[in-house]
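Novice:
Number of protein chains: 2
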Amino acid sequence: MDLQNRQLLLLGLLRIQTMHGYQLNQFLEEHLDFMTSLKPSTAYYTLERMAAEGLVEAHAEQAGNRPTRQIYAITPAGEIRYRELLRRNLASYDPCESADDIGIAFLADLPPEEARQLLAEKRALIQDRLDKILAAEDRVDAASATHLSLERVKRQHQLDLEWLSEVEAWLERALAQEAEPGSAPEP
Amino acid sequence: MDLQNRQLLLLGLLRIQTMHGYQLNQFLEEHLDFMTSLKPSTAYYTLERMAAEGLVEAHAEQAGNRPTRQIYAITPAGEIRYRELLRRNLASYDPCESADDIGIAFLADLPPEEARQLLAEKRALIQDRLDKILAAEDRVDAASATHLSLERVKRQHQLDLEWLSEVEAWLERALAQEAEPGSAPEP
DNA sequence: CGATTCATGTAACGGGTTACATGATTCG
DNA sequence: CGAATCATGTAACCCGTTACATGAATCG
């Protein structure tokens, strides 16, 4: 995720409610883990940057004897920036290329039996994530826009599983053809 | 795309045929444009690195009065590395998060009418890419593993289009509700 | 003749991740 | 009491992209 979308995300969350960095990171990990991989350090850094740009305002707060924390609030300039970033995001399309494509393109370079086992591992990983997404789905208001995003991610995983089945079918055919000479062709 | 997958990709191509950098870049742009966004400079750099590691061997060649070019060939060490990388790739899953999800999650923050227009732009971009992918599909041997990768990318785009339709439907509902007070809820 | 293609690089930049540091606090 | 949580940062590092440079060759 690039700087712009990190800013969009953080501004969007701060628009709902002022928060401190830790709180934001918690929220990200709890509710948006499957949509973004924004790391705590990066979030803190982005918040500082935005504070320097005047997009957010920080004010220190002490709760009991806990470490001082910076409460961030979006500024009017931040609101404007937020709109800009949101418009840009909605009007664009990021193709989001998968590393999986590269491996599969060279699938014929491994013995089919070995390939099958490796793909089984991949399948398990996808299934695992999908299960977590399905669980998360229950915790999101079905009428909210966030639900739409989650829905996309869910379908993405379902698609990958379906597609993987076809890859496996392709492998089966390759395995069957192994009996007779003449192996699978290349790019 | 990270270093490992770049290496996997380049090694896989060099395994088929020895090539010079420019030739590789041409091939990438012509045949694998939709699957990877490996830039020329990065490809050259990766090749040098792999040469230093002994994964590939370069030897200079002069064709006519053209600039000298480095022909790269995969080495036995490279073959071993290739297998490793391929295994790792096949057994793993990279979730490939989309920036689109972030924007959509905040969809309710824009006037529905404006959002609709922006999403129309997004749709056009996806459709455009899909058309190019469909055209590219005809040029790929349907029995090859590369075809499987392309198939995934194609479905990815189709999914995004379908999903976008649902987002639009959601917007229509929001627009309809605009008449009566009570706006769309937030994450 | 001017523009594009061939073919390779380099230098600089910003960007993001990892790993680590800190220090108090609450929980088991 | 030791471990995890709260809360924030920093420093180092690699990494990838952009932009630019070069210089001959061919195409229109």
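Protein sequence lines, in the order shown, are assigned to chains A and B. Just so we're aligned, residue 6 is where the first sequence starts under our numbering, counting upward by one. Just so we're aligned, residue 6 is where the second sequence starts under our numbering, counting upward by one. Cβ atoms here follow ideal geometry from the backbone N, Cα and C, with glycine treated the same way. A quick note: this is a predicted structure, and the numbers were derived from the prediction, not measured.
Taking DSSP as the reference, what is the three-state secondary structure of residue 77 (chain A)?
Specialist: Reduced to three states, the DSSP call for residue 77 (chain A) is strand.
Novice: 8 Å is my cut-off, CB to CB: does residue 98 (chain A) come that close to chain B?
Specialist: For residue 98 (chain A), the answer is yes, since a Cβ of chain B falls inside 8 Å of its Cβ.
Novice: Does DSSP classify residue 102 (chain A) as helix, strand or coil?
Specialist: Residue state, collapsed to three classes: coil.
Novice: Please report how far the alpha carbon of residue 189 (chain B) lies from the alpha carbon of residue 178 (chain B), in whole angstroms.
Specialist: With a pLDDT of 48 at residue 189 (chain B), under the threshold of 50, the predicted position of this residue should be treated as unreliable, and no value is reported.
Novice: What does the alpha-carbon distance come out to for the pair residue 88 (chain B) and residue 33 (chain B)?
Specialist: Rounded to the nearest angstrom, the two C-alpha atoms are 21 Å apart.
Novice: With DSSP as the reference, label residue 24 (chain B) as helix, strand or coil.
Specialist: In the structure shown, residue 24 (chain B) sits in a strand (DSSP, three-state: E or B).
Novice: Express the C-alpha separation of residue 76 (chain B) and residue 62 (chain B) in angstroms, rounding to a whole number.
Specialist: Those two C-alpha atoms are separated by around 8 Å.
Novice: Please check if any C-beta of chain A sits within less than 8 Å of the C-beta of residue 30 (chain B).
Specialist: Cβ-Cβ to chain A under 8 Å: no for residue 30 (chain B).
Novice: Say whether the segment 39-55 of chain A touches the segment 94-105 of chain A, bearing in mind that this needs 3 or more beta-carbon pairs closer than 8 Å, one atom from each stretch.
Specialist: No, the segment 39-55 of chain A does not touch the segment 94-105 of chain A.
Novice: Determine contact between the segment 161-181 of chain A and the segment 110-126 of chain B, defined as no fewer than three beta-carbon pairs at a distance below 8 Å.
Specialist: These segments do not touch.
Novice: Does DSSP classify residue 147 (chain B) as helix, strand or coil?
Specialist: In the structure shown, residue 147 (chain B) sits in coil (DSSP, three-state: anything other than H, G, I, E or B).
Novice: Does the segment 136-149 of chain A touch the segment 136-146 of chain B, meaning 3 or more C-beta pairs lie closer than 8 Å?
Specialist: At 8 Å Cβ cutoff, the stretches do not touch.
Novice: What span of residues does the alpha helix (DSSP H) with residue 56 (chain A) cover, start to end?
Specialist: Segment 45-58, the alpha helix (DSSP H) holding residue 56 (chain A).
Novice: Quick check: the Cα distance between residue 123 (chain B) and residue 107 (chain B), rounded to an integer number of angstroms?
Specialist: Going from the Cα of residue 123 (chain B) to the Cα of residue 107 (chain B) covers about 15 Å.
Novice: Over what stretch of residues does the beta strand (DSSP E) that includes residue 65 (chain A) continue unbroken?
Specialist: 61-66 is the extent of the beta strand (DSSP E) around residue 65 (chain A).
Novice: If we define contact as Cβ-Cβ less than 8 Å, is residue 158 (chain B) a contact residue for chain A?
Specialist: Yes, residue 158 (chain B) counts as interfacial toward chain A.
Novice: Work out the CA separation of residue 149 (chain A) and residue 86 (chain B) for me, nearest whole Å.
Specialist: When rounded, the distance between both Cα atoms is 47 Å.
Novice: Please report the residue range of the alpha helix (DSSP H) in which residue 37 (chain A) lies.
Specialist: No alpha helix (DSSP H) contains residue 37 (chain A), which DSSP labels as neither H nor E.
Novice: Do residue 168 (chain A) and residue 156 (chain B) have their C-beta atoms within less than 8 Å of each other?
Specialist: Yes. Within cutoff.
Novice: Within a Cβ cutoff of 8 Å, which residues of the same chain sit near residue 91 (chain A), ignoring the five residues on either side of it in sequence?
Specialist: If we look at residue 91 (chain A) and ignore the five residues flanking it on each side, its Cβ neighbours are 13, 17.
Novice: Would you mind giving the Cβ-Cβ distance between residue 153 (chain B) and residue 175 (chain A), rounded to the nearest angstrom? I have them listed as a contact below 8 Å.
Specialist: Correct: roughly 6 Å between the Cβ atoms.
Novice: Taking the alpha-carbon positions, what's the residue 109 (chain B) to residue 9 (chain A) distance?
Specialist: About 15 Å.
Novice: Which residues in the same chain as residue 29 (chain A) place their Cβ atom closer than 7 Å to its Cβ, once the five residues preceding and following it in sequence are excluded?
Specialist: Result list for residue 29 (chain A): 15, 18, 48, in chain order.
Novice: If you compare alpha carbons, which of B:105, B:158, B:181 is closest to residue 39 (chain B)?
Specialist: The option with the nearest alpha carbon to residue 39 (chain B) is B:158.
Novice: Quick check: what's the CA-CA separation for residue 145 (chain B) versus residue 37 (chain B)?
Specialist: Those two C-alpha atoms are separated by around 11 Å.
Novice: Less than 8 Å between CB atoms is the rule here; does residue 109 (chain B) satisfy it with respect to chain A?
Specialist: Taking Cβ atoms only, chain A reaches closer than 8 Å to residue 109 (chain B), which makes this a yes.
Novice: Which residues in chain A sit within 7 Å of residue 172 (chain B), going by Cβ to Cβ distance?
Specialist: Simply 153.
Novice: Can you tell me whether residue 105 (chain A) is buried or exposed, with buried defined as 16 or more other CB within 10 angstroms of its CB?
Specialist: It is buried - the Cβ of residue 105 (chain A) has at least 16 other Cβ atoms within 10 Å.
Novice: For the alpha helix (DSSP H) that residue 117 (chain B) lies in, which residues bound it at each end?
Specialist: Where residue 117 (chain B) is concerned, the enclosing alpha helix (DSSP H) stretches over 117-142.
Novice: Using a Cβ cut-off of 7 Å, which residues of the segment 114-146 of chain A contact any Cβ in chain B, in chain order?
Specialist: Against chain B - using a Cβ distance shorter than 7 Å - the residues of the segment 114-146 of chain A are 114, 115, 120, 123, 124, 126, 127, 130, 131, 134, 146.
Novice: Check whether the Cβ of residue 166 (chain B) lies closer than 8 Å to any Cβ atom in chain A.
Specialist: No, no contact with chain A.
Novice: Take residue 58 (chain B) as the anchor and find which of B:79, B:42, B:26 has the nearest alpha-carbon.
Specialist: Comparing Cα-Cα distances from residue 58 (chain B) to each of B:79, B:42, B:26, the minimum goes to B:79.
Novice: Please return the same chain residues whose Cβ sits closer than 6 Å to the Cβ of residue 160 (chain A), not counting the five positions on each side in sequence.
Specialist: Result list for residue 160 (chain A): empty, nothing under 6 Å.
Novice: Which value, in whole angstroms, describes the spacing of the CA atoms of residue 23 (chain B) and residue 42 (chain B)?
Specialist: If you take the alpha carbons of residue 23 (chain B) and residue 42 (chain B), they lie about 21 Å apart.
Novice: Tell me whether residue 25 (chain B) is buried or exposed, calling it buried when 16 or more other Cβ atoms sit within 10 Å of its Cβ.
Specialist: Label assigned to residue 25 (chain B): buried.
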